[in-house]
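Shown next, in structure tokens, is the structure this report addresses.
Protein chains: 2
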Amino acid sequence: MKTVSENRCFGGTQGVYSHQSEATGCDMTFGLFLPEEAEAGPVPLLWYLSGLTCTHENAMVKAGAQAWAAQQGIALVFPDTSPRGEGVADDGAYDLGQGAGFYVNATETPWAPHFQMWDYITGDLPRVLFNNFALDEERQAITGHSMGGHGALTIAMALPDRFRSASAFAPIANPTVSDWGRKQLGAYLGADEMTWRRHDATIQMHERGFDGPILIDQGADDQFLDKLMPEALAAAMMARRQPGQFRMQKGYDHSYFFVASFMEDHVSFHAEALYS
Amino acid sequence: MKTVSENRCFGGTQGVYSHQSEATGCDMTFGLFLPEEAEAGPVPLLWYLSGLTCTHENAMVKAGAQAWAAQQGIALVFPDTSPRGEGVADDGAYDLGQGAGFYVNATETPWAPHFQMWDYITGDLPRVLFNNFALDEERQAITGHSMGGHGALTIAMALPDRFRSASAFAPIANPTVSDWGRKQLGAYLGADEMTWRRHDATIQMHERGFDGPILIDQGADDQFLDKLMPEALAAAMMARRQPGQFRMQKGYDHSYFFVASFMEDHVSFHAEALYS
């Protein structure tokens with residue numbers, strides 16, 4: 001693991017690190033905020049998965065999460081959204097290839113060798129984090145924005161013992177029937193739509209749900225509502241009697257200004273689960 | 001005035017607007033955060049002047065100021081740092097020309113026709129703001145980072161009735177004797193160093209001071225300490241018995257992570273002056 005940068009931030013440290021990943025077969029970069037409390041011993045960890053086009057950096061500099069994480073003594077990890085590099089396949093569109101890993105393990109050409117983001121987020125990166133930093137593996141929570149909200153919810157439901165709480169900002173809620181989903185799941189996983197189902201938060205909510213509290217925020221003026229499909233996930237949560245809440249926020253769009261506006265609520269929500 | 005974008009943000013609106021400026025003779029772009037309270041009537045205004053290489057956008061997305069401004073019901077304006085465009089002179093270096101206006105009125109070739117940032121910040125832009133938005137001209141305060149801290153302090157001292165409070169993050173404190181200053185003041189204002197003196201916060205602190213409270217934060221691990229010269233300004237403040245405080249923050253560098261870490265303190269500091 002290599003240290004790219006470290007900056008003092010809200011009494012803690014905002015670091016950027018890179019490491020060779022077995023899963024993706026390339027160098028991966030991530031941001032990690034450690035609160036001051038990490039100097040004394042392991043602290044809880046909140047995962048933040050980012051959306052289409054983002055690297056590890058966008059949320060790290062634009063979501064304002066460190067202020068609240070520092071207040072709560074929680075670490076934040078900001079993974080990249082795909083493998084990257086010259087030897088890694090890509091596509092001209094913003095919503096496929098580099099910057100658009102969709103948190104799945106690709107089985108199809110040309111994506112398969114590197115686009116293994118599910119294994120990276122659930123296997124490789126946790127190993128690097130818990131081996132190198134003062135982080136408490138028993139106290140993890142997960143959130144994300146847009147494609148990252150999709151990743152956070154599907155991963156949380158698939159690994160029921162790992163995360164105490166899950167939240168999302170404007171998640172891609174029902175990708176198996178959305179323009180943000182059918183294209184990517186088809187490209188990465190192939191034509192058999194049965195393999196897509198574990199990567200659809202609405203389907204997973206119907207089939208298994210999450211064994212902890214869930215918080216979803218969605219902007220009512222989001223320019224991508226037709227692709228995000230919040231109504232499907234909200235209906236699934238209510239049908240399942242899933243503990244949690246789905247909030248429709250008047251006037252907000254899909255931007256980081258929306259994410260930043262409700263970040264304090266999300267960090268407080270996770271803190272309650274992480275410290276209970 | 002043209003609306004470039006508007007996003008709901010912390011219950012208010014983060015806007016970006018452009019307008020033709022008489023002072024700079026070109027289109028200028030600025031960011032303006034209006035808290036929810038501006039829907040009911042004029043709110044106080046905090047100016048944030050940015051540093052070298054920045055546009056109106058950097059602090060608007062990276063400083064985390066809207067959270068605290070919304071809490072206090074204060075508007076924030078984020079001006080650009082120079083004139084811009086094809087017809088505007090520039091220099092290959094990051095610290096001269098576009099992105100580096102230094103908040104002065106240039107008298108020298110090739111800068112003079114457009115580089116009139118002092119007049120822009122103190123004349124043109126205030127006119128646009130108070131004519132178009134629910135802002136209370138009687139309740140203004142000013143802050144800034146690095147070159148913007150220099151601008152905030154020198155403008156606040158030159159216009160003693162305009163700002164109730166002034167603060168700065170890692171300001172260029174003594175530019176007439178610094179590598180960040182001598183080059184630019186020479187280029188923009190010419191060889192007569194007497195004309196530079198009103199643009200040096202340390203000299204102005206010695207000669208006139210500020211008729212309100214001042215708050216300065218400086219990172220102790222700032223990579224540009226030799227150019228910023230905080231010791232000169234701190235000595236001048238104490239020699240003058242200037243009400244205020246100069247804080248040296250252990251471990252912090254020159255980045256926006258430093259600015260964001262202390263933004264809550266600065267907004268609270270200004271709120272106290274603006275609401276008293």
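Protein chains in written order, with my numbering: chain A, 1 to 276; chain B, 1 to 276.
Quick reminder that beta carbons are idealized off the backbone N, C-alpha and C, glycines included.
In this text the structure is predicted, and so the values were computed from the model without any measurement.
Taking only beta-carbon atoms, is residue i less than 8 Å away from chain A?
| i | result |
| --- | --- |
| residue 67 (chain B) | yes |
| residue 62 (chain B) | yes |
| residue 71 (chain B) | no |
| residue 247 (chain B) | no |
| residue 14 (chain B) | yes |
| residue 178 (chain B) | no |
| residue 257 (chain B) | yes |
Output the distance between the C-alpha atoms of residue i and residue j, rounded to the nearest integer angstrom.
| i | j | result |
| --- | --- | --- |
| residue 106 (chain A) | residue 116 (chain A) | 6 Å |
| residue 217 (chain A) | residue 166 (chain A) | 12 Å |
| residue 11 (chain A) | residue 70 (chain A) | 7 Å |
| residue 219 (chain B) | residue 145 (chain B) | 12 Å |
| residue 98 (chain B) | residue 154 (chain B) | 20 Å |
| residue 237 (chain A) | residue 66 (chain A) | 29 Å |
| residue 31 (chain B) | residue 3 (chain B) | 10 Å |
| residue 273 (chain B) | residue 164 (chain B) | 6 Å |
| residue 234 (chain A) | residue 245 (chain B) | 51 Å |
| residue 59 (chain B) | residue 75 (chain B) | 14 Å |
| residue 232 (chain A) | residue 171 (chain A) | 11 Å |
| residue 225 (chain A) | residue 239 (chain A) | 21 Å |
| residue 243 (chain A) | residue 212 (chain A) | 7 Å |
| residue 39 (chain B) | residue 73 (chain B) | 11 Å |
| residue 9 (chain A) | residue 223 (chain B) | 15 Å |
| residue 227 (chain A) | residue 180 (chain A) | 6 Å |
| residue 113 (chain B) | residue 35 (chain B) | 36 Å |
| residue 270 (chain A) | residue 1 (chain B) | 43 Å |
| residue 18 (chain B) | residue 89 (chain B) | 20 Å |
| residue 205 (chain B) | residue 241 (chain B) | 10 Å |
| residue 42 (chain B) | residue 13 (chain B) | 14 Å |
| residue 184 (chain A) | residue 95 (chain B) | 44 Å |
| residue 161 (chain B) | residue 209 (chain B) | 13 Å |
| residue 149 (chain B) | residue 93 (chain A) | 41 Å |
| residue 77 (chain A) | residue 101 (chain B) | 37 Å |
| residue 268 (chain A) | residue 37 (chain B) | 25 Å |
| residue 33 (chain B) | residue 51 (chain B) | 19 Å |
| residue 262 (chain B) | residue 57 (chain B) | 19 Å |
| residue 159 (chain B) | residue 127 (chain B) | 16 Å |
| residue 61 (chain B) | residue 256 (chain B) | 10 Å |
Which same chain residues end up closer than 8 Å to residue i when comparing Cβ atoms and leaving out the 5 residues on each side of it in sequence?
| i | result |
| --- | --- |
| residue 22 (chain A) | 124 |
| residue 121 (chain B) | 47, 49, 79, 103, 151 and 155 |
| residue 108 (chain A) | 187, 188, 189 and 190 |
Would a check of beta-carbon distances place residue i closer than 8 Å to chain B?
| i | result |
| --- | --- |
| residue 165 (chain A) | no |
| residue 222 (chain A) | no |
| residue 251 (chain A) | yes |
| residue 218 (chain A) | no |
| residue 9 (chain A) | yes |
| residue 260 (chain A) | yes |
| residue 188 (chain A) | no |
Which same chain residues end up closer than 6 Å to residue i when comparing Cβ atoms and leaving out the 5 residues on each side of it in sequence?
| i | result |
| --- | --- |
| residue 5 (chain A) | 16 |
| residue 55 (chain B) | 80 |
| residue 247 (chain A) | 217 |
| residue 230 (chain A) | 173 and 218 |
Suppose the cutoff is 7 Å on Cβ atoms and the five residues either side in sequence are ignored; what does the same chain contact list for residue i look like?
| i | result |
| --- | --- |
| residue 266 (chain B) | 143, 167 and 215 |
| residue 130 (chain A) | 137 |
| residue 203 (chain A) | 176 and 197 |
| residue 118 (chain B) | 103, 104 and 105 |
| residue 250 (chain B) | 220 |
| residue 253 (chain A) | 219, 221, 222 and 223 |
| residue 135 (chain B) | 42, 43, 45, 75 and 129 |
| residue 111 (chain B) | 89, 187 and 188 |
| residue 20 (chain B) | 27 |
Within 8 Å of any Cβ in chain E, is that where the Cβ of residue i sits?
| i | result |
| --- | --- |
| residue 225 (chain A) | Absent from the structure is chain E; the protein chains it does hold are A and B. |
Just checking, does the stretch 192-201 of chain B make contact with the stretch 166-182 of chain B on the three C-beta pairs under 8 Å criterion?
yes
Does the contact criterion of 3 or more C-beta pairs under 8 Å hold for the stretch 186-195 of chain A versus the stretch 136-151 of chain A?
no
Note down, one range per segment and in chain order, each alpha helix (DSSP H) of at least 4 residues found wholly within the stretch 26-82 of chain B.
57-62 and 65-72
Can you check the stretch 93-152 of chain A for any beta strand (DSSP E) of at least 3 residues that lies completely inside it and give the ranges in chain order?
Within the stretch 93-152 of chain A, complete beta strand (DSSP E) segments of at least 3 residues are found at 135-144, given in chain order.
Three or more C-beta pairs closer than 8 Å, one from the stretch 26-46 of chain A and one from the stretch 81-95 of chain A: is that the case here?
yes
My parser needs the beta strand (DSSP E) runs of 3 or more residues fully inside the stretch 165-243 of chain B; what are they?
214-219
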